[in-house]
Structure formats: C-alpha cells, structure tokens
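Participant: Below you will find the structure I want to go over with you.
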Amino acid sequence: MNLHNLYGLKNLILTLYQTKLHMKKSILLLVFISAFANAQTTEKDKINQTLDTWHKAAADAKFDAYFSLMSSDAIFIGTDATENWTNPDFKVWAKPYFDKGKTWNFTALERHIFFDKSGKIAWFDELLNTQMKICRGSGVLVKVGKEWKIQHYVLSMTIPNDEVDAVTKIKSPVEDVLIDKLKKK
C-alpha cells in the first residue's frame, strides 16, 4: 500500500468518524425536539380536557366541578358589559342557575392554545356552539402543580360584519346609559 492510499484511507476513516459524531448529535437533537413537542402536545391535551370538562360541568349544572377548574382568584367576563366578575362574585351570580339546572351548554367548535416559555402559563381562543349561536371564548390558564386552572375567561358574542349596524341599534338604548355612567367615573 502506498502513502497516497494510506492518506486516502485516513481521510475516509476521519470522515466516517465525523459523520458518525454528526449523526449522533443530530439524533440527540431530534430526540430532544420530539420530547419537547410531545410535552407540548400532552399539555395541550390537558388544557383541552380542562376546558371541555369545565364547559361540560356547566352544561350538567355541576357547580363544584365547574368552579374547581378555576383558580381562586379567577376573573370571568361575560357578554354583558357589566359582567366582570371575580371568582367569588361569579359564584354568587351563577349559584341560582346551577341550583335550578338552568345553566349554559357550550361546546368547542375550534380552539387554539399557546404557551409562554416557562410552559406554566397558557392562553387560548375558542369558537363555541351555544344557545346564543357562535360565541368566542378566550382566556388564560395557569399550571398549579400538575393541573391547569382557568385564571381569566372572556365570553363574547360574535356578530356578522353585515349585521353590526342592526345590533348596534338594538344595544344603543342600554349601552348609551352605561357609557355615560362609565365616563363619569
């Protein structure tokens, strides 16, 4: 074997070794990315389950189950401009409806979930099938131990753009009074 062939063999071995190292690094990177993606998927699944269970508890008039999925300092903002409740205030308002079994039934049609970098705060938006037709829910969840709790929830009625003028006409008598009251604060 001549010197030129030895040099070529050495380069081939070196290239194979570097390729093997590169492949190991690539495989480790893929494993890490997959684990992170799976963790995010799992957390998304948990949040979906939390929100679906929360909506189902309302539909089934299960007061304790419903409020157990909210943080103790949660905020619920309803469709009426005056509905901005702390958790205790929302409980007081909702209790008679739950007691009579006259609650609401929301089913998610679509939902988008996002996470902060820590993975302990998530926010979402959802379109809901409701007795008011399509509504939009949006909110924030916080991870408490291994559970996700609803920290903030906003419920909004959707209005087709072509119907805004008609809806505004209906709302104006009530909301003009509220606007004047709020401006005076």
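Residue numbering for the sequence shown follows this note's numbering, starting at 288 and increasing by one per position. Ideal Cβ positions, reconstructed from N, Cα and C, are used throughout, including at glycine. Here the structure is a predicted model, which is why all the values come from computation and not from measurement.
Mind checking which residues open and close the alpha helix (DSSP H) that includes Thr-455?
Facilitator: Here the alpha helix (DSSP H) through Thr-455 covers 451–470.
Participant: Tell me the rounded alpha-carbon separation between Thr-337 and Leu-469.
Facilitator: 35 Å
Participant: What residues in its chain sit with their C-beta under 7 Å from that of Thr-340, if we drop five residues either side in the sequence?
Facilitator: Leu-356
Participant: Starting from Phe-363, follow its DSSP beta bridges and name the residues at the other end.
Facilitator: Answer is Trp-372, Tyr-440.
Participant: Return the residue from the list Lys-458, Leu-414, Gly-406 that minimises the CA-CA distance to Lys-433.
Facilitator: The candidate whose alpha carbon is nearest that of Lys-433 is Gly-406.
Participant: Checking the sheet assignment: what are the DSSP bridge partners for His-399?
Facilitator: Asp-412.
Participant: Can you tell me which of the three DSSP states Leu-338 falls into?
Facilitator: Helix.
Participant: Starting from the C-beta of Ser-358, find all residues in its chain whose C-beta is less than 8 Å away, skip the five residues before and the five after it, and write them out in chain order.
Facilitator: So the list reads Asn-374, Val-429, Val-431, Lys-436, Ile-437, Gln-438, once near-sequence residues are dropped.
Participant: Quick check on DSSP: helix, strand or coil for Tyr-421?
Facilitator: According to the sequence displayed, residue 421 carries Ile and not Tyr. Three-state result, Ile-421: strand.
Participant: Return the residue from the list Met-419, Pro-460, Phe-350, Ala-409 that minimises the CA-CA distance to Tyr-440.
Facilitator: Ala-409
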